[in-house]
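In the numbering used here, the protein residues as written are 168 to 494.
For glycine and all other residues, C-beta sits at the position ideal for the given N, C-alpha and C.
Here the structure is a predicted model, which is why all the values come from computation and not from measurement.
The block underneath contains the structure these notes are about, expressed in structure tokens.
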């Protein structure tokens, strides 16, 4: 799974004369794509570009998801400083030269957003919150709520009641510890198996080639008290797993936590995101659950002198003297 160059052309005339002839033939009715179109203007980094995100209404949902998941990455790799404008379209009129000029007018006026511009705004919101927005049967602003199998719910209940101390949600099956699997084919979160996990074993539970959700019952002492705190860990090893897997785990995370916290009434003390198990040391977990408080040093208040004998205190400085802070 990778982005490839589908077409490129050398300028023939001005950017306005070339625009429709270069851009519109690239648009397919059921195939999303990204188009980078060079303008004639330049900034300190070189030529300025228009970033066009084409996502037709009738394209497959999976295609929309893949392109939504890679949108931010492509802009970052290309260089955000080169992109002057960003246009999103679901029909040709949105991304034609006339549509682009309408977009520029809308950017400089308080007129209401068009449907395409509103969708672009929502996509940008979702990029910050979950990196992807998907049109599926359980869509929320934060992502996609896959149904959770009965066995998985029962296992999470056991964790809440401290009958288990570790739960992992994953996309493949293991056979030696508690695991919940995302069944991508049936779009369901299912239970796999269980194993008791000590703190020293926790880094070993973090795969290096796949995303995971982890629920860990963290048993520890803090300021003389013995505590048992549930910690949620979202591990994402970067680009060693597929785009589809990154997309699904990113978009399912918030709805899953909402179900766990609001419907199962599980109290999660801390939510952590990591990219490898080496980060999960005892000190790291303790400081995440009990972050250090920055205490402010209080200045010593000097006692006031006897009243009525010395009068009102005055401080007189010459013009060349500088003020020094009082103790």
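Option nearest residue 366 by Cα separation, candidates 170, 448, 197
448
Can you tell me where the beta strand (DSSP E) holding residue 216 begins and where it ends?
213-221
Counting pairs of beta carbons, one from the segment 436-446 and one from the segment 392-403, are three or more of them closer than 8 Å?
yes
Find the nearest neighbour of residue 376 within the set 431, 410, 206, 356, judged by alpha-carbon distance.
410
Quick one: what does DSSP say residue 377 is sitting in, helix, strand or coil?
coil
Give a yes or no on contact between the segment 192-208 and the segment 377-392, applying the rule of three or more CB pairs nearer than 8 Å.
no
What three-state label does DSSP hand residue 184 in the structure shown?
helix
Can you list, in chain order, the residues of its chain whose CB lies under 6 Å from that of residue 171, leaving out five sequence neighbours each side?
none
Are the segment 248-260 and the segment 215-222 in contact at 8 Å, needing three or more beta carbon pairs?
yes
Please go through the segment 193-270 and give each complete beta strand (DSSP E) segment of 3 or more residues, from N-terminal end onward.
200-210, 213-221, 250-256
Pull up the distance between the alpha-carbon of residue 165 and that of residue 392, whole angstroms please.
No answer is possible for residue 165: the residues shown for the chain start at 168 and end at 494.
Leaving out five residues on either side along the sequence, give the residues of the same chain with a beta carbon under 7 Å from the beta carbon of residue 187.
263, 264
C-alpha distance - residue 248 paired with residue 426, whole-angstrom precision:
40 Å
Excluding the 5 residues flanking residue 274 on each side, which residues of the same chain have their C-beta closer than 6 Å to its C-beta?
none
Cβ of residue 379 within 8 Å of Cβ of residue 336?
yes
Which residues DSSP lists as bridging residue 333, in chain order:
383
Please say whether residue 198 and residue 226 have beta carbons closer to each other than 8 Å?
yes
4-residue-minimum alpha helix (DSSP H) runs that sit fully inside the segment 382-460, ordered along the chain:
410-429, 449-456
Cα separation between residue 451 and residue 327?
23 Å
Under 7 Å: does the beta carbon of residue 171 sit that close to some heavy atom of the ligand GDP?
For the structure depicted, the ligand GDP is absent and the ligand set is empty, with no information on it obtainable.
Could you compute how far the alpha carbon of residue 321 sits from the alpha carbon of residue 315?
10 Å
Straight-line Cα distance separating residue 217 from residue 270:
12 Å
Give the straight-line distance between the Cα atoms of residue 405 and residue 419, rounded to the nearest whole angstrom.
17 Å
Assign residue 346 to one of two classes, buried (16 or more other C-beta atoms within 10 Å of its C-beta) or exposed (fewer than that).
Its pLDDT being 48, under 50, residue 346 is placed unreliably in this model, and the value from its coordinates should be taken loosely. So residue 346 counts as buried.
Using only the alpha-carbon positions, how far apart do residue 334 and residue 381 sit?
6 Å
Quick one: what's residue 315 bridged to in DSSP?
356
Out of 415, 423, 453, state which residue places its alpha-carbon closest to the alpha-carbon of residue 234.
415
Taking residue 195 as the reference, give the member of 230, 211, 177 with the closest Cα.
230
Reduced DSSP secondary structure (H/G/I, E/B, other) of residue 370
helix
Through-space distance from residue 185 to residue 178, alpha-carbon basis:
7 Å
Give the straight-line distance between the Cα atoms of residue 182 and residue 215, rounded to the nearest whole angstrom.
11 Å
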